[in-house]
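Residue numbering for the sequence shown follows our numbering, beginning at 1081 and increasing consecutively. What follows is a single structure, written as structure tokens, with notes after it.
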Amino acid sequence: MVLSAPSGGGKTTIRDQLLRHDRRFRFSVTCTTRAARPGEVHGRDYYFVTPGAFERLRKAGKLLEWARVHGNLYGTPVSSVAGVLRKGLIPVMTIDVAGARSVKEIFPEAVTVFLLPPGLKTLVRRLRKRREPAANIRIRLETAKKEIKEASFFEYLVINDKLDEAVRDIREIADIECMKISRKQAEIKRFGRELLEFKI
């Protein structure tokens, strides 16, 4: 499941709530060249790497997607997603719009969700709460305008007004997607074999 949102849209907070309350989800840790914010932990929130290390990962084909955002590099290690999938769990990726497009190309079955705050004032308030400098807020708002224009690419839109309701909506999306026939091919084949072998 890919969660994208304008900066301040709440994707990290929603991701944390999903991980806390639904055992089906696991965070797919991304790597970044930006400095850690207060409280962030290497290997839990991000893999904090140097630009040189990031470039080596990119050239070696070890990143599922990558992008430059606000002057920093972000990317998703293939190993991070594959490890979660092997356990039969749902990897949750919190990435930008360009990254979501890249993932969808490689993994067509990925479920994409675009998160929106209820309004611009809420978005600005959240950015200020993060103690972003005024110059950064202006840059992030300009980026947000571009990202919102891409919302129609996503399969689902969730308005992140009340956190518990937004989390519930995403869990319900997972329920719906898990019931789709396209995701049940193994069970259908197994049942078909049983029918062929069944004797009264």
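Note that the Cβ used here is the ideal one computed from N, Cα and C, for glycine as well.
- Straight through space, the alpha carbons of residue 1147 and residue 1170 are spaced by roughly 23 Å.
- Look at the beta carbons and you see the segment 1086-1099 touching the segment 1241-1250: at least three pairs across the two are nearer than 8 Å.
- Straight across, the Cα-Cα distance linking residue 1102 with residue 1251 is about 8 Å.
- Annotation for residue 1084: no alpha helix (DSSP H) segment contains it, though the beta strand (DSSP E) segment containing it runs 1082-1084.
- Relative to the Cα of residue 1135, the nearest Cα in the group 1187, 1152 and 1167 belongs to 1152.
- With distances taken between CA atoms, residue 1258 lies nearest to 1189 out of 1084, 1115, 1189 and 1087.
- Contact check for residue 1204 and residue 1238: beta-carbon distance about 20 Å, past the 8 Å limit, so the pair fails to qualify.
- Its Cα nearest to that of residue 1177, the residue 1224 stands out among 1218, 1224 and 1141.
- When C-alpha distances from residue 1155 are compared across 1141, 1232, 1166 and 1260, the shortest belongs to 1141.
- Contact annotation, residue 1145 with residue 1191: C-beta distance approximately 15 Å; criterion of less than 8 Å not satisfied.
- The C-beta of residue 1222 has fewer than 16 other C-beta atoms within 10 Å across all chains shown, which makes the residue exposed.
- Per DSSP, reduced to three states, the secondary structure at residue 1239 is strand.
- Unbroken beta strand (DSSP E) runs of no fewer than 3 residues, entirely contained in the segment 1097-1167, are found at 1105-1107, 1110-1112, 1126-1128, 1143-1149 and 1152-1157, following chain order.
- The beta-carbon separation of residue 1110 and residue 1175, rounded to 7 Å, stays under the 8 Å limit for a contact.
- If you ignore the 5 residues before and after residue 1160, its C-beta comes within less than 6 Å of the C-beta of 1108 and 1109, all in its own chain and listed in chain order.
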